[in-house]
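>
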DNA sequence: AGGAAAAAGGACTTGCAGGTCCGATTTACG
DNA sequence: CGTAAATCGGACCTGCAAGTCCTTTTTCCT
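Residue numbers (our numbering), protein chains in the order written: chain A, 1126 to 1279; chain B, 1126 to 1279.
#1: What residues of chain B sit near residue 1141 of chain A, judged by a beta carbon separation below 8 Å?
#2: Looking at the strands, I want to know which residues DSSP matches up with residue 1187 of chain A.
#3: I'd like to check one pair, residue 1165 of chain A with residue 1206 of chain A: are the Cβ atoms closer than 9 Å?
#4: Could you tell me whether the Cβ atoms of residue 1237 of chain B and residue 1201 of chain B are closer together than 9 Å?
#5: Compute the distance between the beta-carbons of residue 1209 of chain B and residue 1203 of chain B, then report whether it is under 9 Å.
#6: What does DSSP give as the partner residues of residue 1198 of chain A in its beta bridges?
#7: Enumerated in chain order, which unbroken segments of the beta strand (DSSP E) with a length of 3 residues or greater are wholly contained in the region 1141-1183 of chain A?
#8: Quick one: does residue 1144 of chain B have its CB under 9 Å from some CB of chain A?
#9: Can you give the Cα-Cα distance for residue 1199 of chain B and residue 1184 of chain B, rounded to whole angstroms?
#10: With a CB to CB cut of under 6 Å and the five nearest residues on each side skipped, what residues in its chain are close to residue 1129 of chain B?
#11: Identify whether residue 1228 of chain B lies in helix, strand or coil by the three-state DSSP scheme.
#12: Any beta carbon of chain A sitting closer than 9 Å to that of residue 1273 of chain B?
#13: Just how far apart, CA to CA, sit residue 1182 of chain B and residue 1231 of chain A?
#14: Starting from residue 1156 of chain A, find everything on chain B with Cβ-Cβ shorter than 9 Å and list it in chain order.
#15: Is it the case that the Cβ atoms of residue 1168 of chain B and residue 1133 of chain B are separated by a distance below 9 Å?
#16: So, for residue 1241 of chain B: in the same chain, excluding its five sequence neighbours on each side, which residues have a beta-carbon less than 7 Å away from its beta-carbon?
#17: Got a sec? Which residues, its chain only, sit under 7 Å from residue 1135 of chain A by beta carbon, not counting five neighbours each side?
#18: Assuming residue 1162 of chain B and residue 1151 of chain B are in contact, meaning their beta carbons sit under 8 Å apart, how far apart are those beta carbons, in whole angstroms?
#19: Please state the DSSP three-state secondary structure of residue 1132 of chain B.
#20: Between residue 1250 of chain B and residue 1190 of chain B, what straight-line distance do the alpha-carbon atoms span, to the nearest angstrom?
#21: Please report the straight-line C-alpha distance between residue 1245 of chain B and residue 1180 of chain A, rounded to a whole angstrom.
#22: Use the C-beta contact count for residue 1218 of chain A: other C-beta atoms within 10 angstroms, 16 or more gives buried, fewer gives exposed.
#23: Quick one: grab the DSSP three-state call for residue 1234 of chain B.
#24: Answer yes or no: do residue 1255 of chain B and residue 1228 of chain A have a C-beta to C-beta separation smaller than 9 Å?
#25: Going along the chain, which residues of the region 1161-1181 of chain A sit with their C-beta nearer than 9 Å to a C-beta in chain B?
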C-alpha cells in the first residue's frame, strides 16, 4: 500500500528528528534505519529538494533536519517523496459529470482523505514523544552524537 | 496509492452489480468500464477464484456476480485482487519489541486500518443506490440486457 | 458432428520502482 | 595545496505490475 520509498523516507526523517539538531551522514542513517545506502542517498536528495532536510558536502558534512520536529508532519514527508494523489476527476475520462465523482470513486477518494488526515495529524515530535517503552524505529541504542557545525541546524 | 488492478477490479464488480443478476462478457465489461480487455480477463479470473463472481464458458456464457450486491463490500473486492497488508511487525526486522510496533509504524498501520474500515463500510449495493444524478462508473446509458441462463445467477 | 462464442491460460513485451555502482564535485583541515 | 570525507549525479541492473497476443478448451446451437 505504501511504497518502499515512502517507508524509507519516513525512517530516515524520524531518525534525523531523533538526532536533531545534529547532522548525520547518509551512511550512518542507512545503517541505523536499515535502508540500502545508495538508494537512501537518492531519497535524501528528494527530501532536500522539498526543503525538509539540509545537506552539506565534504568532510564533516551530512544531513540535518531543516525544521523543528514539531513542525513536520508525516504527511509532509510522504508528500515530499511520493505525493498522495487524491481522486479529483473520473478516472474513466468521461467528462459527463464535470467535477462530481461517481459514488465508487467518491468512496475511494474518501479513503485517501482518511490517510491524508491521519498523516497530517502527526508530527515527528509526537512520534518521538510517544510515552512508551518502545522507541522509534524499533531500535534501542543510539550511536554517540556528532557535533553539528554552525552552518546547519543549530 | 491504489494499484491499477484494484481500480479495474472495482470498476468491473460495480458494473456487474449494476447489471446483476444478468451475465456480461468480459468484452462488454471491458468496453463499458474502459479496462483493457485481455487484462480484465485475468482480473476476472482472480475474482472468480475468490468466489466473488462466477464465470461460464462457451456461447451465451460470461461473468456474473456470485452474491447479492448488498453482501459484497469494497474491501471484499480489494482483498480478492490485492489484499491490504496491515503492518503487524516491525519492518526493520528487529525482534526487540515482539508484537509491539514502534510509534512510526503504529501510525502507518492506523492509516491502513482507516482505509480498511472505509472500504469495509460500503457495499456494492450502497454504491449503486447513491441518491444522486451521478450514476456509478461515471457512465450514463447502459447496453441492453442479455438474458441470463439458469445455470448462473438467477 | 460442426461451427461459433466465450473463458482459460501461456508466452511475451514494456515501463517503472527499487536498487547498485562508480566517478565527479564540493568541502574541511593540516 | 593535497588528501580525505562527504554529497551529487549519471549509468546501469533487476523484478514486477501492467498490458498484449495467440492458442486451447469449454459450451451452445443448428
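Even glycine gets a Cβ: it sits at the ideal position worked out from N, Cα and C. The structure displayed is predicted, hence computed values, not measured ones.
Walking through what the data contain:
#1: For the purposes of this step, residue 1141 of chain A is taken as residue 16 along the first chain, with counting starting at 1. Neighbours of residue 1141 of chain A on chain B: none; closest Cβ ~13 Å, over 8 Å.
#2: Residue 1187 of chain A sits at position 62 when you count from the first residue of the first chain. Per DSSP, A/1181.
#3: The sequence position of residue 1206 of chain A within the first chain is 81, counting from 1. The sequence position of residue 1165 of chain A within the first chain is 40, counting from 1. No; because the gap between Cβ atoms is not below 9 Å, this pair is not in contact.
#4: In the second chain, counting from the first residue as 1, residue 1237 of chain B sits at position 112. In the second chain, counting from the first residue as 1, residue 1201 of chain B sits at position 76. No, the Cβ-Cβ distance between residue 1237 of chain B and residue 1201 of chain B is not below 9 Å.
#5: Position 84 of the second chain, counting from 1, holds the residue named residue 1209 of chain B. Position 78 of the second chain, counting from 1, holds the residue named residue 1203 of chain B. Yes.
#6: Indexing the first chain from 1 puts residue 1198 of chain A at position 73. Looking at the DSSP assignment, residue 1198 of chain A forms a beta bridge with A/1248.
#7: 1178-1181
#8: The residue given as residue 1144 of chain B occupies position 19 in the second chain. No, its Cβ sits nowhere closer than 9 Å to a Cβ of chain A.
#9: Translated into positions along the second chain, residue 1199 of chain B becomes position 74. Translated into positions along the second chain, residue 1184 of chain B becomes position 59. Their backbone Cα atoms lie some 31 Å apart in a straight line.
#10: Counted from its first residue, the second chain places residue 1129 of chain B at position 4. Once the five neighbours on either side are set aside, residue 1129 of chain B has no close Cβ partner at all.
#11: The count along the second chain starts at 1 and reaches residue 1228 of chain B at position 103. Here residue 1228 of chain B sits in helix by DSSP.
#12: Residue 1273 of chain B sits at position 148 when you count from the first residue of the second chain. In this prediction, residue 1273 of chain B scores a pLDDT of 44, lower than 50, which makes its location untrustworthy; the coordinate-derived value is nonetheless stated afterwards. It does not; no Cβ of chain A falls within 9 Å.
#13: Here residue 1182 of chain B refers to the residue found at position 57 of the second chain. Here residue 1231 of chain A refers to the residue found at position 106 of the first chain. Taking the straight line joining both Cα atoms gives about 34 Å.
#14: The sequence position of residue 1156 of chain A within the first chain is 31, counting from 1. Residues of chain B passing the Cβ test: none, with the nearest at roughly 11 Å.
#15: Walking along the second chain from the start, residue 1168 of chain B turns up at place 43. Walking along the second chain from the start, residue 1133 of chain B turns up at place 8. Result yes, Cβ atoms of residue 1168 of chain B and residue 1133 of chain B sit closer than 9 Å.
#16: Residue mapping note: residue 1241 of chain B aligns to position 116 of the second chain, counting from 1. Answer for residue 1241 of chain B: 1200 and 1209, listed in chain order.
#17: By one-based count along the first chain, residue 1135 of chain A stands at place 10. 1199 and 1202.
#18: The count along the second chain starts at 1 and reaches residue 1162 of chain B at position 37. The count along the second chain starts at 1 and reaches residue 1151 of chain B at position 26. The Cβ separation is near 7 Å, so the contact holds.
#19: In the second chain, residue 1132 of chain B corresponds to position 7, counting from 1. Residue 1132 of chain B: helix per DSSP, three-state reduction.
#20: Taking the second chain and counting its residues from 1, the one referred to as residue 1250 of chain B is at position 125. Taking the second chain and counting its residues from 1, the one referred to as residue 1190 of chain B is at position 65. Whole-angstrom Cα-Cα distance: 12 Å.
#21: Reading the second chain from its first residue, position 120 is the one you call residue 1245 of chain B. Reading the first chain from its first residue, position 55 is the one you call residue 1180 of chain A. Roughly 44 Å between the two C-alpha positions.
#22: One-based indexing of the first chain puts residue 1218 of chain A at position 93. The residue in question, residue 1218 of chain A, is exposed, as its Cβ has fewer than 16 Cβ neighbours within 10 Å.
#23: Taking the first residue of the second chain as 1, we reach residue 1234 of chain B at position 109. In this structure, residue 1234 of chain B counts as helix in the three-state DSSP scheme.
#24: For the purposes of this step, residue 1255 of chain B is identified with residue 130 of the second chain, where counting begins at 1. For the purposes of this step, residue 1228 of chain A is identified with residue 103 of the first chain, where counting begins at 1. Yes; because the gap between Cβ atoms is below 9 Å, this pair is in contact.
#25: none
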